[in-house]
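Taken in order, these protein sequences are the chains called R and V.
Position one of the first sequence corresponds to residue 581 (the numbering used here), numbered consecutively onward.
Position one of the second sequence corresponds to residue 581 (the numbering used here), numbered consecutively onward.
2 protein chains.
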Amino acid sequence: MARKPAEQSVHRDDILQAAADVLQEQGYEATTMKDIAARVNLTAASLYHHFKNKDFLLLAVIERGLQEAIKIIEPIVQSDLNASEKLTDMVHTHVEAITGNPSVGAALVFEIKSLVSVTTAGRGSGDELEYIERRDKFFKDRDYFERMFRETIKSGIATGEFRQVDPAIFAKSMLGAQNWVGVWYNPNGRFNGQEIAEMLVDTFLTSLKAR
Amino acid sequence: MARKPAEQSVHRDDILQAAADVLQEQGYEATTMKDIAARVNLTAASLYHHFKNKDFLLLAVIERGLQEAIKIIEPIVQSDLNASEKLTDMVHTHVEAITGNPSVGAALVFEIKSLVSVTTAGRGSGDELEYIERRDKFFKDRDYFERMFRETIKSGIATGEFRQVDPAIFAKSMLGAQNWVGVWYNPNGRFNGQEIAEMLVDTFLTSLKAR
DNA sequence: TTTATAATCTAATCTGGATTTAATTAATTT
DNA sequence: AAATTAATTAAATCCAGATTAGATTATAAA
Numbered sequence: 581m582a583r584k585p586a587e588q589s590v591h592r593d594d595i596l597q598a599a600a601d602v603l604q605e606q607g608y609e610a611t612t613m614k615d616i617a618a619r620v621n622l623t624a625a626s627l628y629h630h631f632k633n634k635d636f637l638l639l640a641v642i643e644r645g646l647q648e649a650i651k652i653i654e655p656i657v658q659s660d661l662n663a664s665e666k667l668t669d670m671v672h673t674h675v676e677a678i679t680g681n682p683s684v685g686a687a688l689v690f691e692i693k694s695l696v697s698v699t700t701a702g703r704g705s706g707d708e709l710e711y712i713e714r715r716d717k718f719f720k721d722r723d724y725f726e727r728m729f730r731e732t733i734k735s736g737i738a739t740g741e742f743r744q745v746d747p748a749i750f751a752k753s754m755l756g757a758q759n760w761v762g763v764w765y766n767p768n769g770r771f772n773g774q775e776i777a778e779m780l781v782d783t784f785l786t787s788l789k790a791r
Numbered sequence: 581m582a583r584k585p586a587e588q589s590v591h592r593d594d595i596l597q598a599a600a601d602v603l604q605e606q607g608y609e610a611t612t613m614k615d616i617a618a619r620v621n622l623t624a625a626s627l628y629h630h631f632k633n634k635d636f637l638l639l640a641v642i643e644r645g646l647q648e649a650i651k652i653i654e655p656i657v658q659s660d661l662n663a664s665e666k667l668t669d670m671v672h673t674h675v676e677a678i679t680g681n682p683s684v685g686a687a688l689v690f691e692i693k694s695l696v697s698v699t700t701a702g703r704g705s706g707d708e709l710e711y712i713e714r715r716d717k718f719f720k721d722r723d724y725f726e727r728m729f730r731e732t733i734k735s736g737i738a739t740g741e742f743r744q745v746d747p748a749i750f751a752k753s754m755l756g757a758q759n760w761v762g763v764w765y766n767p768n769g770r771f772n773g774q775e776i777a778e779m780l781v782d783t784f785l786t787s788l789k790a791r
């Protein structure tokens with residue numbers, strides 16, 4: 581029997597990136613399957629060969645973005661750096677990831693709400709179940725991501741490196757500021773991702789270390 | 581000739597509030613004119629008596645939200661408080677506005693992208709022109725809002741109250757954290773708006789005043 | 001009361017996509 | 001070559017929702 585796929589054509593990841601781009605520019609509602617397809621020189625219909633439907637496509641975009649974010653943050657948390665160093669690195673990598681690929685960053689911020697309205701996603705079939713599961717997993721991962729910041733702050737307080745703050749709220753504030761970068765960042769602006777990251781680190785670490 | 585409107589029924593503001601609520605829950609795309617109408621016991625068709633179309637309705641929601649925000653922040657900026665006091669008040673009122681009406685706050689954060697895609701908004705007629713103008717005005721007001729934070733920070737640096745930071749980036753960070761509150765805030769959570777505001781103030785002012 | 005207009009409604013329209021279907025065109029393996 | 005599956009496509013289908021049309025009802029002013 582013959583097997584292996586035809587090694588030509590567009591890759592799943594190309595589509596995800598294209599989708600993220602269009603999504604950033606137009607938002608979910610305004611984004612057409614046709615728009616996405618056009619970016620990779622395909623027909624809307626072709627996308628259905630790679631993804632079950634529009635909802636799954638969006639989900640995949642966001643899943644990938646989050647996974648990448650986790651992948652770069654996780655090792656830092658597990659390292660044996662002290663809390664300040666960890667947080668510094670975490671902010672850096674996160675912000676640089678966002679500015680390095682604003683589309684995905686913006687999608688992560690903006691399109692999450694689209695996830696909630698289960699809308700279509702597979703009427704009847706087991707698709708719907710799969711969708712819900714993956715979405716829930718996404719939210720768990722998202723919590724996990726946030727928790728890494730929270731715990732790092734908490735441990736910094738425990739060791740006396742940081743002053744007393746509410747770790748949860750402080751973490752959310754940091755993430756808010758960081759995510760927001762994806763909203764306003766302009767590659768042609770005054771600062772690059774690295775510089776912005778430095779300023780955020782400065783802002784928050786200075787606050788945490790003040791006595 | 582007879583004149584004055586019938587003083588019965590639903591008010592424009594009721595609709596705007598309803599729209600903001602639905603918008604927060606479902607996002608623009610998933611929000612149906614019917615959904616909005618239902619909240620105020622009207623038919624989708626009836627909404628067209630109050631708003632030109634869906635785009636204009638959304639625009640109105642966001643315009644109102646921003647105007648309210650400006651209205652409460654502006655007098656603080658113009659007062660003769662010092663920079664720290666101003667910033668403290670500004671954050672407080674802003675965060676409390678957000679937590680007091682999460683729907684509008686969230687709409688302001690999330691639905692802005694929908695504005696950009698001119699999509700429909702009035703095909704041909706002068707409606708389109710009006711839409712563009714109002715949208716541009718909205719963005720100007722938005723800049724103005726941000727500028728108030730930026731300038732307050734800048735003047736605090738000038739007077740030596742604050743340490744040297746980049747006012748633009750610092751302002752964006754603050755706004756990011758504040759806007760983000762609208763995303764995660766839960767009325768049944770551990771803290772109320774007032775308390776959250778205090779923590780944010782603490783975070784940022786501590787940073788600004790550290791030496 | 002009569003009249004003009006506001007506020008609504010019900011019943012069409014209309015249309016833009018999303019999704020399906022039924023081919024067609026590669027690659028890959030044996 | 002033959003067989004099998006991947007990748008695409010053009011052409012149809014389908015339908016939810018926005019918008020429009022044509023009444024109907026309520027109110028205020030004269």
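Virtual Cβ for every residue (Gly too), placed ideally from N, Cα, C.
The model shown is predicted, which means the values in this text are computed figures rather than measured ones.
Below-8 angstroms beta-carbon distance, V:ALA640 vs any chain R residue: At a cut-off of 8 angstroms, the C-beta of V:ALA640 has no neighbouring C-beta in chain R.
Selection from V:ARG791, V:LEU709, V:PHE718 and V:THR673 that minimises the alpha carbon distance to V:ASN759: For the residues V:ARG791, V:LEU709, V:PHE718 and V:THR673, the minimum Cα distance to V:ASN759 belongs to V:THR673.
Short-range partners of chain R found in the segment 749–774 of chain V, where Cβ spacing is below 9 angstroms: Going along the segment 749–774 of chain V in chain order, one finds ILE749, PHE750, LYS752, SER753, MET754, LEU755, GLY756, ALA757, GLN758, ASN759, TRP760, VAL761, VAL763, TRP764, ARG770 and PHE771 with a Cβ nearer than 9 angstroms to chain R.
Nearest-angstrom Cα separation, counted from V:GLU648 out to V:GLY685: If you take the alpha carbons of V:GLY685 and V:GLU648, they lie about 11 angstroms apart.
Integer Cβ distance of V:ILE650 from V:PHE725, believed to fall under 8 angstroms: Yes, they are in contact, since the Cβ atoms of V:ILE650 and V:PHE725 sit about 6 angstroms apart, within 8 angstroms.
Any C-beta of chain R under 8 angstroms from that of V:GLY607: Yes, because at least one Cβ of chain R sits closer than 8 angstroms to the Cβ of V:GLY607.
Any C-beta of chain V under 8 angstroms from that of R:THR786: For R:THR786, the answer is yes, since a Cβ of chain V falls inside 8 angstroms of its Cβ.
Buried/exposed call for R:LEU627, threshold 16 Cβ in 10 Å: Buried is the call here.
Within 8 angstroms of chain V by C-beta, residues of the segment 612–637 of chain R in sequence order: Cβ contacts with chain V: none found.
Chain-ordered chain V contacts of R:ILE776 [CB-CB under 8 angstroms]: The CB of R:ILE776 comes closer than 8 angstroms to the CB of ILE749 in chain V, given here in chain order.
R:GLU643 versus R:ASP721 - alpha carbon distance: Linking R:GLU643 to R:ASP721 through their CA atoms gives a straight-line distance of about 9 angstroms.
Under the three-state DSSP convention, the category R:PRO682 falls into: Helix.
Inter-residue Cα distance where the pair is V:SER787 and R:THR783: Their Cα atoms are separated by approximately 6 angstroms.
As assigned by DSSP and simplified to three states, the class of V:LYS632: Annotated three-state conformation of V:LYS632 is coil, per DSSP.
Given 8 angstroms, three or more beta-carbon pairs between the segment 650–661 of chain R and the segment 766–774 of chain R: Flag = no, the segment 650–661 of chain R and the segment 766–774 of chain R do not touch.
Inter-stretch contact at 8 angstroms, needing at least 3 Cβ pairs: the segment 623–641 of chain V / the segment 660–674 of chain V: Look at the beta carbons and you see the segment 623–641 of chain V not touching the segment 660–674 of chain V: under three pairs across the two are nearer than 8 angstroms.
Inter-residue spacing [alpha-carbon to alpha-carbon] between R:SER664 and R:VAL657: R:SER664 and R:VAL657 have their C-alpha atoms spaced approximately 11 angstroms apart.
Contact check, V:SER683 vs V:ASP601, beta carbons under 8 angstroms: Yes, they are a contact pair.
Unbroken alpha helix (DSSP H) run spanning R:PRO747, endpoints: 747–764 is the extent of the alpha helix (DSSP H) around R:PRO747.
Anticipated Cβ contact below 8 angstroms, R:VAL696 with R:VAL763, distance rounded: Going by Cβ atoms, the distance from R:VAL696 to R:VAL763 rounds to 20 angstroms, so no, they are not a contact pair.
Separation of R:ILE595 from R:ALA624, as counted between CA atoms: Their Cα atoms are separated by approximately 11 angstroms.
R:THR612 beta carbon less than 8 angstroms from that of R:LEU603: R:THR612 sits away from R:LEU603, with the two beta carbons spaced by 8 angstroms or more.
Beta-carbon proximity list for R:PHE742, same chain, < 6 angstroms, skipping 5 on both sides: Taken in chain order, the residues that qualify are GLY736 and LEU788.
R:LEU661 at chain V interface by Cβ criterion, 8 angstroms: The C-beta of R:LEU661 comes no closer than 8 angstroms to any C-beta of chain V.
4-residue-minimum alpha helix (DSSP H) runs that sit fully inside the segment 627–678 of chain V, ordered along the chain: Counting only runs of 4 or more, we get 634–658.
Straight-line gap, V:ARG583 to R:LEU622 (C-alpha atoms, nearest Å): Because the pLDDT at V:ARG583 is just 33, under 50, the model does not fix this residue reliably, and the value given afterwards should be weighed accordingly. The alpha-carbon separation between V:ARG583 and R:LEU622 amounts to approximately 58 angstroms.
Proximal residues of chain R, C-beta to C-beta of V:VAL675 below 7 angstroms: At a beta-carbon threshold of 7 angstroms, none of the residues of chain R lie near V:VAL675; the nearest stands roughly 11 angstroms away.
With 16 other Cβ atoms within 10 Å as the buried cut-off, status of R:SER589: So R:SER589 counts as exposed.
Residue interval of the alpha helix (DSSP H) (run including R:ALA599): Segment 592–610, the alpha helix (DSSP H) holding R:ALA599.
Same chain only: Cβ atoms within 7 angstroms of R:LEU755, ignoring 5 sequence neighbours per side: The residues are GLU726 and PHE729.
Local conformation of R:ILE776 per DSSP, three classes: In the structure shown, R:ILE776 sits in a helix (DSSP, three-state: H, G or I).
V:ALA586 versus V:ASP635: straight-line alpha-carbon distance, rounded: Note that V:ALA586 scores a pLDDT of 45, beneath 50, so its modelled location is shaky; the value from the coordinates is reported in the next line. As the crow flies, the alpha-carbon of V:ALA586 is around 26 angstroms from that of V:ASP635.
Test item: CB-CB of R:ILE776 and R:ALA751 under 8 angstroms: Result no, Cβ atoms of R:ILE776 and R:ALA751 do not sit closer than 8 angstroms.
Buried or exposed by the 16-neighbour rule on C-beta atoms within 10 Å, applied to V:GLY706: Its Cβ having fewer than 16 others within 10 Å, V:GLY706 is exposed.
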